[in-house]
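> Offset between the sequence shown (1-based) and our numbering: plus 10.
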Amino acid sequence: MQHRAAASIRKSFLRYFEQHGHTLVPSSSLVPSSDPTLLFTNAGMVQFKQVFLGHETRDYTRATSSQRCVRAGGKHNDLDQVGFTARHHTSFDMLGNFSFGDYFKEEAIFHALNVLTKEFDLPIDRLHVTVLDNDVEAIEWLVYTQWRKIAQLPDDKIHRLGPDDNFWAMGDTGPCGPCSEIFFDQGEAFSNYDDRYLELWNLVFMQHNRLGDGSLLPLPTPCVDTGMGLERMASVMQGVISNYHSDVFTPHLHAVAAALDVQNGHVSSRFQDAVADELRLNRFGTDVDIQIVRVLADHLRTAYALMEDGVFPSNVGRGYVLRRILRRAMRFAQQAGVSQPFLSRIPMFGEGERKGVVQLQAVVDNEERAFYAMLAQGTKAVDKLLHHPHTKSYLTGHDAFFLYETYGLSIDMTESIAASFQATVDTAGFDAVRQRHQEAIAATSSPLGL
């Protein structure tokens, strides 16, 4: 297995499918067009949703793409795990191939096997696959037999799992179907990280359309939707312990660490040493310093990508999620001793010139200035709620919503400030109060609510 840079992996993947009759389709915006059910583009198939449903046709029946994705809100939300695990990110690149009524399960498996074992030279004896096994379909026999026929995998490397693991849907409604996931055995050295068997590729066989009541209708024609995380494949091809150790992230880690080491006018090598040790030893550490660097690298990468696609910080919808991402980065920066606007000075543009770099940095700077002003006011307000007229050890949902409405404190910020007073927050109560508030606004703004 040869060392491959992420850019080379992407190029080889797309070239293979182009050579096999697939049209190369550019990555779509992170803001889904004409799809109110999604906050962000969270998978490669999003731009093809109407094709899967039979509502739209293209001048091709096979496609391949490298799609930028964000998973920081809605059904797929990895925000709170970022920085603490080797694989979770708020954004990533998904490599995929798609068939719209052209080929189906057998050819999808054939192509996946060819790419992994011939293009990327992965040893076939280190591959494991999963197939759907549930009460309705008993076993996805076609998939099961094809993996034995084409890949000649023994039974102990074909794992039967239920629909929680092997039935994929992009959301609560829309195209869905059984899937077959491909895992790579990274070896005994990875056992201590609960990451020995790493999922590389998901082959989804789109057969159904899930309606709002949960019922499944057959799609007009069966389709194929596959997704491979570029960052994961890069970590495998580069023989490293995590996505953060791959060349996708290492430039960002170095940039963040260098900036942290000169923040507040104090020059040191604390964070650069933490990154250097992490990469040199090929370990996934749990030290606070390296977690801070990971969070800042991931969150700023995502924030700039969202702003490039027209999403800017606000208190509603996509803008609210972006604001939460930036403020989570700010809270982690605080743990590093940062007490003033700082994030906009971290260079995150190594992948090429971004559009309007200076303007985007100004947005981040303004968010930070507002954050520190809000933090000072919010801390005083939390102190008052917890200690006046009498002392208590928690904030109610109504308290948290008051802080959100009055000071702009997100629930994450409220929890963080409350924790500094050894207090907790009723987050479920906050969600309920906020939901009732939104429903009341919707009712009063609708003719039916007058």
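Quick reminder that beta carbons are idealized off the backbone N, C-alpha and C, glycines included. It should be emphasised that the depicted structure is a prediction, and the values quoted were computed from it without experimental measurement.
1) In terms of alpha-carbon separation, which member of 139, 373, 236 lies closest to residue 179?
2) Among residues of its own chain, excluding the 5 on either side of residue 448, which ones have a beta-carbon nearer than 8 Å to its beta-carbon?
3) Which first and last residues belong to the alpha helix (DSSP H) in which residue 119 is found?
4) Is residue 135 closer than 8 Å to residue 172 when the C-beta atoms are compared?
5) From residue 307 to residue 227, what distance separates their C-alpha atoms?
6) Taking only three categories from DSSP, how would you classify residue 14?
7) Would you grab the beta carbon distance between residue 168 and residue 141 for me? Rounded to a whole angstrom, and I think it's under 8 Å.
8) Just mark residue 310 as buried or exposed, buried being the case when its beta carbon has 16 or more other beta carbons within 10 Å.
9) Answer yes or no: do residue 238 and residue 104 have a C-beta to C-beta separation smaller than 8 Å?
10) Would you check if there are 3 or more beta carbon pairs closer than 8 Å linking the region 66 to 82 to the region 103 to 119?
11) Which residue comes first and which comes last in the beta strand (DSSP E) that contains residue 111?
12) Is the distance from the Cβ of residue 407 to the Cβ of residue 440 below 8 Å?
13) Let me know the alpha helix (DSSP H) ranges lying completely inside the region 152 to 219, each 4 residues or longer, listed in chain order.
14) Would a C-beta distance cut-off of 8 Å place residue 328 and residue 102 closer than the cut-off?
15) Is the region 337 to 353 close to the region 413 to 430, with three or more CB pairs under 8 Å?
16) Would you tell me roughly how many angstroms separate the C-alpha atoms of residue 349 and residue 427, rounded to the nearest one?
17) Here's a check: name, in chain order, each residue in its chain whose Cβ is nearer than 7 Å to the Cβ of residue 242, leaving out the five neighbours to either side.
18) Can the beta-carbon of residue 188 be found less than 8 Å from the beta-carbon of residue 177?
19) Please report how far the alpha carbon of residue 321 lies from the alpha carbon of residue 58, in whole angstroms.
20) Quick check on residue 388: does DSSP put it in helix, strand or coil?
21) With burial defined as no fewer than 16 other Cβ atoms inside 10 Å of the residue's Cβ, what is the status of residue 13: buried or exposed?
22) Assuming the contact rule is C-beta atoms closer than 8 Å, residue 190 and residue 125 should be a hit. Round their C-beta distance to whole Å, please.
23) Hey, how far is the Cα of residue 445 from the Cα of residue 30?
24) Give the DSSP-derived three-state secondary structure of residue 237 in the structure shown.
25) Which class does residue 97 belong to by DSSP, given the choice of helix, strand or coil?
26) Out of curiosity, what's the CA-to-CA distance linking residue 371 and residue 83?
27) How would you call residue 94, buried or exposed, if buried means at least 16 neighbouring beta carbons within 10 angstroms?
28) Just verifying my parser: in three-state terms, what is the DSSP assignment at residue 19?
29) In its own chain, which residues sit with a C-beta less than 7 Å from the C-beta of residue 26, not counting the 5 before and 5 after it?
30) Is residue 77 helix, strand or coil by DSSP?
31) Taking the continuous beta strand (DSSP E) assigned at residue 142, which residues delimit it?
32) Under three-state DSSP, which class holds residue 68?
33) Look at the alpha carbon of residue 231 and the alpha carbon of residue 115, and state the distance between them as a whole number of angstroms.
With the given structure in hand:
1) If we check each option's Cα against that of residue 179, 236 comes out closest.
2) None.
3) Note, residue 119: alpha helix (DSSP H), 115 to 124.
4) Cβ atoms of residue 172 and residue 135: not closer than 8 Å.
5) One C-alpha to the other measures close to 42 Å.
6) Three-state DSSP puts residue 14 in coil, outside helix and strand.
7) So it is a contact: roughly 6 Å between Cβ atoms.
8) So residue 310 ends up on the buried side.
9) Closer than 8 Å, so yes.
10) Taking one beta carbon from each stretch, the region 66 to 82 and the region 103 to 119 have 3 or more pairs nearer than 8 Å; the two touch.
11) In the DSSP assignment, residue 111 falls outside any beta strand (DSSP E), carrying neither H nor E.
12) For residue 407 and residue 440, yes; Cβs fall inside 8 Å.
13) Within the region 152 to 219, the complete alpha helix (DSSP H) runs of at least 4 residues are 173 to 176.
14) With respect to the 8 Å criterion, residue 328 and residue 102 are not classified as neighbours on the basis of their beta carbons.
15) For the pair of segments examined, the region 337 to 353 was found to touch the region 413 to 430: the number of CB pairs separated by less than 8 Å reaches three.
16) One C-alpha to the other measures close to 15 Å.
17) Contacts found: 97, 208, 210, 253.
18) The beta carbons of residue 188 and residue 177 sit closer together than 8 Å.
19) If you take the alpha carbons of residue 321 and residue 58, they lie about 22 Å apart.
20) DSSP, read as helix, strand or coil, puts residue 388 in helix.
21) Result: exposed.
22) By a beta-carbon distance limit of 8 Å, residue 190 does not contact residue 125. Their separation comes to about 14 Å.
23) One C-alpha to the other measures close to 49 Å.
24) It is a strand residue.
25) Residue 97 carries a coil assignment under DSSP once its states are collapsed to helix, strand and coil.
26) Distance between the alpha carbons of residue 371 and residue 83: 23 Å.
27) Classification of residue 94: exposed, given that the 10 Å Cβ count is below 16.
28) Residue 19 falls in the helix class under three-state DSSP.
29) The residues are 125, 129.
30) In this structure, residue 77 counts as strand in the three-state DSSP scheme.
31) Unbroken beta strand (DSSP E) run through residue 142: 137 to 142.
32) Residue 68 carries a coil assignment under DSSP once its states are collapsed to helix, strand and coil.
33) C-alpha separation (whole angstroms): 13 Å.
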